[in-house]
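**Student:** Residue numbers (my numbering), protein chains in the order written: chain Y, 29 to 347; chain A, 13 to 307; chain E, 272 to 541.
The beta-carbon is built from N, C-alpha and C at its ideal position, and this holds for glycine as well.
Take this structure, written in structure tokens, and hold onto it; I'll ask about it next.
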Amino acid sequence: MDENMKYPPKFFLSVDDFFKYILGIISGLVVLTLFFMVLELFRHSLPVLSLKFVFGVNWNPVVGSEEYGILPYILGTMVTSVIAIVVGVPISLGIAIYLSEMAPNFIRTTLSFIIELLAAVPSVIYGLWGLFIFRFWVRDFIEIPLSKYLGFLPIFQGEPFGLDILTAGLILAIMIIPTVASVSREVLMAVPNSQREAAYSLGATKWEVIRLGVLSYAKSGIVGAAILGLGRAVGETMAVTMVIGNAIGAAALPTSLFKAGQTMASLIANEFNEADPTSLHPNALVGVGLILFVLALTVNLFAQVLVWRILKIKEGAVE
Amino acid sequence: MAYIKDKGGCSRIMQTYLVRKFKDKFAYAVCLACVIVAVIPLGSILFEVTKNGLPALNMEFFIEGPRAIGEPGGGIANSIQGTLILIGLTSLIGVPIGILSGIYLAEFGNNKFGKIVRLTNNILAQFPSIVIGIFAYLTIVLLIGSFSPLAGAIALAIIMIPIITRTTEESLKLVPNTLREASMALGIRRWRTIMSIVLVSAKNGVVTGIMLSISRIAGETAPLIMTILGSQWFFSGLTEPMDALTLRIWRLALLPYDYAHTTGWGAALVLIIIVLSLNILARILTRSKFVLRGV
Amino acid sequence: MIGMNKELLSVSSKERVNQTYKIETENLNAWFGTKQALKDINIKIRANSITAIIGPSGCGKSTLIRCLNRMHELVPSAKVSGKVFLDGVDIYSKNVDPVIVRRRVGMVFQKPNPFPTMSIYDNVAAGLKLNGIRDRKRLDEIVRKSLEQAWLWDEVKDDLDKPGASLSGGQQQRLCIARALAVEPEVLLLDEPTSALDPIAASKIEQLIVSLKRDYTIVIVTHNMQQAARVSDYTAFLYLGRLIEYDVTAKIFSNPREELTENYIAGRFG
């Protein structure tokens, strides 16, 4: 046999290269999706985009006297998210510290499992629970005492009712706990043991070891985890929609925590199906979506970068 | 220092020691309290959903659709059907794309393009689902001129793909390189090696990812509002509105009738059983994988 | 080039005429990134013989044999220049598909690496099945023949459905040899095949390798000089990426030409 016959002719594109390029194209679909998402949101919200849209407070979808200002909803999103961060992050950090530094092994596994289940509960079920159960806890155990003793403060004005900005913020706090806690825990576990040993060798107690050796080292990673939580809080829809009271226009300005409010996401969920397609109402709601998109993108990008830098491992390890 | 020698100084060190010791205990208590605070809502949710949902469960609940608004009785069979159809359609789109792009990232993704894809997936995994819903509305619903299960499935697939991509990539990266080499040395082509040797070895991890992603999309509500709308009826075609458990729960909760709330809790019980069992099963599967890997 | 006998070393010219060269390299260079692992290797490997490659760790032994079946290029950033002739055809020439090369030049690795999800039978049949051979009868035949050749048949013939990973280390390595033989290669490359095994299992593999000489051209990398002396016909000594000396094994171990070789064999370094 002619030696050359043992090698069949090779084509310019081998099967393997073909396979690789096909996979590359498929994995590029998500990038394309994100790109088109911006494009479509922008295109459809163009008719309403203006400074007045972002900074206006009036919201009137009646044809003839249409007016779309979304400042109250931007502020509503911010205030509820800040409550979520202020309440949720310290709790998450406590959990992360307990899980990574204090808990015995068998408790650690079970507890991590339970915390992860908290993340698995659908948003609408949080909403249902918030609407029928949690709202009364907030009203009776938090709002009524606050209003009694600190009612003179402007942020605690109004009759405690339970379907308001505070409840929405607190339910968001619960919902971001699994995200923030599990990422913080990973960050803490990524702290090299030499840090802990250095502190122990100075005669530090366990808490001092955590404070000096671990937390100071993991600071920026924890900030990243918190921002990741913020990203989740900003875009969360159903649970908020069901407990925030859904105020409209100037009434939705979050001047007091005991007031009904509205976030960007809840506004979209509430009004999207009722919008008259011949008016600018759908465009205005898409515009809200665009602002939300930009906000979420910024927050997420920022968080990803911070967390990666700490974990320094293969991207995507962050849940 | 002099005070170390005198008695008062000793007690001062002792004092600081006691304070430090107390701080240590206190920190422990605070952290434990955080854990308890986080577990209470989960406990309460599971308890309330079970307590309020169980009375709703009966034969009619599972085989009938809802009656006219305000009229008690009826069931949520159409919503269960809708959720199952959505899971099926979404998986049809999302599972192959997710697995294939996970393969790309693990096997060929060590470049700039791979980095961009990975970043995009990470962003989409955390992205507000309602915005994804709007996107599906603007592209699919406006295109075909009607609410459609297809639009819902595409929106959910955008949520599903990043999850599957990530878990697939991670599991493939755990497959030792020696297996790839062994296969390539036999003169097996790269794509064959990946599909028949590497992917099969990483099977459990990939299946875990699929189950986790299904558990996630089954609980999604927001993107369904503007894609499948919700409906009183059973599935009636790809260009008609359809119902889903999550949408049904939301609409029922906002109705001013007690029967609606009971049905809502019942639907929540069904949903939470689907979601949590998938989730728990997926995690058990991963755990057994770790045991196997030790062999 | 230091110490290379251009007349192909001390093999008598009479002998040389009668023997064919299965593999010849010509100015073979290999890199990992910017680090050069092989420098101008010229070596001719005889058919139906066992050639051992020895040298201190990091000298490029593994890289050399991985260049012989184009496995080296699978490492990202790896680069090769020069020529490798297999039966007179340059396997690095443009129109040669590395996949075909690898079917003709089989390889066994340092650590036994059976496919963990496959049974013993499927492990051996993997190369054939994934290359499209489905005929059950033919597969059965080849699996049996390969396992017999690898001296494993008697030990596993009743457990062909058990996972490959359930075997002992030495059995796993013989399974890997059977797996390589099943695709009917002409050359078998062995990369320190016994280094992860206990002495008894290792000695069995050594005897097996010698028995395979009749049908295959064998190149074995080893860090164990006794092993090289026991099994090989020819020995090549590599140092810092260069081929220092290449000769009949007996000659290398009794009367090496180069001082470096002598020092290495006497255990003075590496």
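Which same chain residues end up closer than 8 Å to ILE238(Y) when comparing Cβ atoms and leaving out the 5 residues on each side of it in sequence?
**Tutor:** Cβ neighbours of ILE238(Y) beyond the five flanking positions: ILE125, GLU129.
**Student:** Taking 9 Å as the CB-CB cut-off, is PHE300(Y) touching chain A?
**Tutor:** Judged by the 9 Å Cβ criterion, PHE300(Y) is in contact with chain A.
**Student:** For chain E, is any of its Cβ atoms less than 9 Å away from the one on SER289(A)?
**Tutor:** Not closer than 9 Å to any Cβ of chain E, the Cβ of SER289(A) fails to qualify, so no.
**Student:** Please give the ranges of any alpha helix (DSSP H) in the region 129 to 187 of chain A, keeping only runs that are unbroken, at least 4 residues long and fully inside the region.
**Tutor:** Counting whole runs of 4 or more residues, the region 129 to 187 of chain A contains the alpha helix (DSSP H) stretches 141 to 148, 161 to 186.
**Student:** Comparing C-alpha positions only, which one of ILE172(Y), LEU178(Y), ALA196(Y) sits nearest to GLU187(Y)?
**Tutor:** Looking at the Cα atoms, ILE172(Y) is the closest of the given residues.
**Student:** With H, G and I counted as helix, E and B as strand and the rest as coil, what does DSSP make of ILE491(E)?
**Tutor:** The answer is strand: DSSP assigns ILE491(E) an E or B state.
**Student:** Are the Cβ atoms of CYS338(E) and LEU511(E) separated by less than 9 Å?
**Tutor:** No, they are not a contact pair.
**Student:** For the region 381 to 409 of chain E, which residues have a CB atom closer than 7 Å to at least one CB atom of chain A, in sequence order?
**Tutor:** For the region 381 to 409 of chain E, which is checked against every Cβ of chain A, the residues closer than 7 Å are LYS382, ASN384, PHE386, PRO387, THR388, ALA397, GLY398, LEU401, ASN402.
**Student:** Would you say the region 40 to 48 of chain A touches the region 57 to 66 of chain A, given that touching needs at least three Cβ pairs under 8 Å?
**Tutor:** The region 40 to 48 of chain A is not in contact with the region 57 to 66 of chain A.
**Student:** Look at the Cβ atom of THR179(A), then the Cβ atom of GLY114(A), and state whether they are nearer than 9 Å.
**Tutor:** Cβ atoms of THR179(A) and GLY114(A): closer than 9 Å.
**Student:** Looking at VAL58(Y): is its Cβ nearer than 9 Å to the Cβ of ILE152(A)?
**Tutor:** No. Outside cutoff.
**Student:** Using a Cβ-Cβ cut-off of 6 Å (strictly less than) and excluding sequence neighbours within five positions of GLY86(A), which residues of its own chain qualify?
**Tutor:** Hits under 6 Å: GLU76, PRO78, ARG79.
**Student:** Can you check DSSP and say which residues form a bridge with GLU95(Y)?
**Tutor:** ASN88(Y), per the DSSP bridge assignment.
**Student:** Compile a chain-ordered list of the residues in the region 450 to 465 of chain E whose CB is closer than 9 Å to at least one CB of chain A.
**Tutor:** Cβ contacts with chain A come from ARG450, ALA451, ALA453, VAL454, PRO456, LEU460.
**Student:** Straight-line CA distance for HIS72(Y) to ILE111(A)?
**Tutor:** Their Cα atoms are separated by approximately 33 Å.
**Student:** Of the residues that make up the region 189 to 219 of chain A, which ones have a beta carbon closer than 7 Å to any beta carbon in chain E?
**Tutor:** Flagged, chain order: THR190, LEU191, GLU193, ALA194, MET196, ALA197, LEU198, GLY199, ILE200, ARG201, ARG204, SER208, ILE209, VAL212, SER213.
**Student:** Are the CB atoms of LEU299(E) and ILE316(E) within a distance shorter than 9 Å?
**Tutor:** The answer is no: Cβ separation not under 9 Å.
**Student:** Output needed for LEU288(A): all residues of its chain with C-beta closer than 8 Å, excluding positions within five of it in sequence on either side, in chain order.
**Tutor:** Closer than 8 Å at the Cβ level, and outside the excluded window around LEU288(A), lie SER227.
**Student:** So, does the CB of GLN223(Y) fall closer than 9 Å to a CB anywhere in chain A?
**Tutor:** Judged by the 9 Å Cβ criterion, GLN223(Y) is not in contact with chain A.
**Student:** DSSP three-state label for PHE250(E), please.
**Tutor:** The structure shown has nothing for residue 250(E), since chain E only spans 272 to 541.
**Student:** What separation, rounded to the nearest whole angstrom, lies between the Cα atoms of SER109(Y) and LEU200(Y)?
**Tutor:** Rounded to whole angstroms, SER109(Y) to LEU200(Y) spans 7 Å at the Cα level.
**Student:** I believe VAL215(Y) touches GLY249(Y) by the beta-carbon criterion, under 8 Å. Please report the beta-carbon distance rounded to the nearest angstrom.
**Tutor:** VAL215(Y) to GLY249(Y), Cβ: 3 Å. Contact.
**Student:** Where THR205(A) and MET196(A) are concerned, what is the direct C-alpha to C-alpha distance, given to the nearest angstrom?
**Tutor:** C-alpha separation (whole angstroms): 7 Å.
**Student:** Name, please, each residue of chain A whose Cβ falls closer than 8 Å to the Cβ of ASN328(Y).
**Tutor:** Residues of chain A passing the Cβ test: ASN134, ILE135, GLN138, PHE139.
**Student:** Check the Cβ of ARG260(Y) against every Cβ in chain A and list those closer than 7 Å, keeping chain order.
**Tutor:** In chain order: GLN138.
**Student:** Run through the region 132 to 194 of chain Y for me and flag every whole alpha helix (DSSP H) of 4 or more residues, listed as ranges in chain order.
**Tutor:** The qualifying runs are 133 to 148, 151 to 157, 172 to 178.
**Student:** Counting contacts by CB-CB distance shorter than 9 Å, is MET130(Y) in contact with chain A?
**Tutor:** Chain A, which has a Cβ nearer than 9 Å to the Cβ of MET130(Y), makes this yes.
**Student:** Indicate whether the contact test is met: 3 or more Cβ pairs, each with one atom in the region 184 to 201 of chain A and one in the region 129 to 138 of chain A, closer than 8 Å.
**Tutor:** These segments do not touch.
**Student:** Mind pulling the chain D residues with CB within less than 8 Å of PRO174(A)?
**Tutor:** The displayed structure is made up of protein chains Y, A and E, and chain D is not among them.
**Student:** Could you have a look at THR306(Y) and say whether DSSP puts it in helix, strand or coil?
**Tutor:** Residue state, collapsed to three classes: coil.
**Student:** Only counting the same chain, and skipping five residues up and downstream in sequence, which positions put a Cβ closer than 6 Å to that of GLY403(E)?
**Tutor:** Once the five neighbours on either side are set aside, GLY403(E) has no close Cβ partner at all.
**Student:** With C-beta atoms as the reference, is MET203(Y) less than 9 Å away from SER120(Y)?
**Tutor:** Contact: no.
**Student:** Would you list, in chain order, the members of the region 109 to 131 of chain A that have their beta-carbon closer than 9 Å to a beta-carbon of chain Y?
**Tutor:** Listed by position along the chain: ILE109, LEU112, SER113, GLY114, ILE115, TYR116, LEU117, GLU119, PHE120, GLY121, PHE125, GLY126, LYS127, ILE128, VAL129, ARG130, LEU131.
**Student:** I want to verify the contact list: residues of chain A whose CB lies under 9 Å from the CB of VAL370(E), in sequence order.
**Tutor:** Ordered by position in chain A, the residues that pass the 9 Å Cβ test against VAL370(E) are MET196, GLY199, ILE200, ARG201, ARG202.
**Student:** From GLY121(A) to ILE50(Y), what distance separates their C-alpha atoms?
**Tutor:** Their Cα atoms are separated by approximately 13 Å.
**Student:** Tell me whether the region 274 to 285 of chain A and the region 126 to 146 of chain Y touch, counting them as touching only if at least three CB pairs, one residue from each stretch, are closer than 8 Å.
**Tutor:** Segments in contact, no.
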